[in-house]
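As structure tokens, the structure follows; a few thoughts come after it.
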Amino acid sequence: MAELAISDLPLIDKIEELLQDYPVQLELPVQWGDMDSFAHVNNRVYLKWIESCRIACFEQIGAIDYMKQHQIGPILGEVTCRYRIPLEYPDRIRIGCRVVDLKAGRFTIEHRIVSHQHQKVACEGSDSIVFIDYANGGKVAIPDPVLTGISQLERQQ
Numbered sequence: 006m007a008e009l010a011i012s013d014l015p016l017i018d019k020i021e022e023l024l025q026d027y028p029v030q031l032e033l034p035v036q037w038g039d040m041d042s043f044a045h046v047n048n049r050v051y052l053k054w055i056e057s058c059r060i061a062c063f064e065q066i067g068a069i070d071y072m073k074q075h076q077i078g079p080i081l082g083e084v085t086c087r088y089r090i091p092l093e094y095p096d097r098i099r100i101g102c103r104v105v106d107l108k109a110g111r112f113t114i115e116h117r118i119v120s121h122q123h124q125k126v127a128c129e130g131s132d133s134i135v136f137i138d139y140a141n142g143g144k145v146a147i148p149d150p151v152l153t154g155i156s157q158l159e160r161q162q
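Quick look at the structure:
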């Protein structure tokens, strides 16, 4: 039996395939104002989209609630972004993220942005996340309830 190529799948299935290992997903429209004078989406907009998905991930693993209660929470240490194709209005994008490379004091979130119009990955990269005590200003270990949330998220992958 021949294997089905991604190009043979219906459009929505291609996006599902490209994001199948990303348990946190958001879908957003490309806005006219997202474009710059070069008639494509400005690079800073990709970072805003990535931030939106990262915050959704923080909510899902319980980091936002923990931060509100204990003043200990996540902070972005580094972000990487590899642009694959330019995007333009009109389009819709789906952003996916997942937690990888979990260490005692930090973890990495991988992200991917997929274009509905192009049916391709438009951007991918990673975020390095550390936890800090907002009251005292120092780095701390990832709290146990957040580790539990990450573990539950990983089971969804």
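Read in my numbering, the sequence shown has 139 at position 134, and its numbers run on one by one without any break. Every residue gets a Cβ at the ideal spot worked out from N, C-alpha and C, and that includes glycine.
Determine, using beta-carbon pairs with one atom in the region 144–162 and one in the region 46–53, whether at least three such pairs fall under 8 angstroms. no
What residue does the alpha helix (DSSP H) around glycine 154 start on, and which one ends it? As a position in the sequence shown, residue 154 is number 149, starting the count at 1. Per DSSP, glycine 154 belongs to the alpha helix (DSSP H) from 149–160.
I need the DSSP call for glutamine 30, collapsed to helix, strand or coil. By 1-based counting over the sequence shown, the position of residue 30 is 25. Here DSSP, grouped into helix, strand and coil, assigns glutamine 30 to strand.
Nearest to isoleucine 135 (by Cα), restricted to the options Pro79, Thr85, Val84 and Val105: The count along the sequence shown starts at 1 and reaches residue 135 at position 130. Strictly speaking, residue 135 in this sequence is valine, with isoleucine absent from that position. Taking each of Pro79, Thr85, Val84 and Val105 in turn and checking the Cα distance to valine 135, the smallest one comes out for Pro79.
DSSP three-state assignment for aspartate 39, whether helix, strand or coil: One-based indexing of the sequence shown puts residue 39 at position 34. Aspartate 39: helix per DSSP, three-state reduction.
Pick from Gln122, Arg111, Ile118 and Pro34: whose alpha carbon is nearest that of lysine 144? In the sequence shown, residue 144 corresponds to position 139, counting from 1. When each option's Cα is compared against that of lysine 144, the closest is Arg111.
Please say whether isoleucine 118 and alanine 109 have beta carbons closer to each other than 8 angstroms? The count along the sequence shown starts at 1 and reaches residue 109 at position 104. The count along the sequence shown starts at 1 and reaches residue 118 at position 113. Not closer than 8 angstroms, so no.
Buried/exposed call for glycine 101, threshold 16 Cβ in 10 Å: One-based indexing of the sequence shown puts residue 101 at position 96. It is buried - the Cβ of glycine 101 has at least 16 other Cβ atoms within 10 Å.
Taking the C-alpha atoms as reference points, what is the distance between glutamine 65 and serine 156? Mapped onto the sequence shown, residue 65 falls at position 60. Mapped onto the sequence shown, residue 156 falls at position 151. Rounded to the nearest angstrom, the two C-alpha atoms are 11 angstroms apart.
Would you decide whether valine 105 is buried or exposed? Buried here means 16 or more other CB atoms lie within 10 Å of its CB. Your numbering for residue 105 matches position 100 in the sequence shown. Under a 10 Å Cβ-count criterion, valine 105 is classified as exposed, with fewer than 16 other Cβ atoms of the shown protein chains found around its own Cβ.
As a quick exercise: from Lys53, Gln25 and Ile20, pick the residue whose alpha carbon is nearest that of serine 132. Along the sequence shown, read from residue 1 onward, the residue named residue 132 stands at position 127. Here residue 132 turns out to be aspartate, not serine, going by the sequence shown. Cα-wise, what sits closest to aspartate 132 is Lys53.
Using 10 angstroms around the beta-carbon of alanine 146, count the other beta-carbons present and answer buried if the total reaches 16, otherwise exposed. As a first step, residue 146 must be located in the sequence shown, where it is residue number 141. It counts as exposed.
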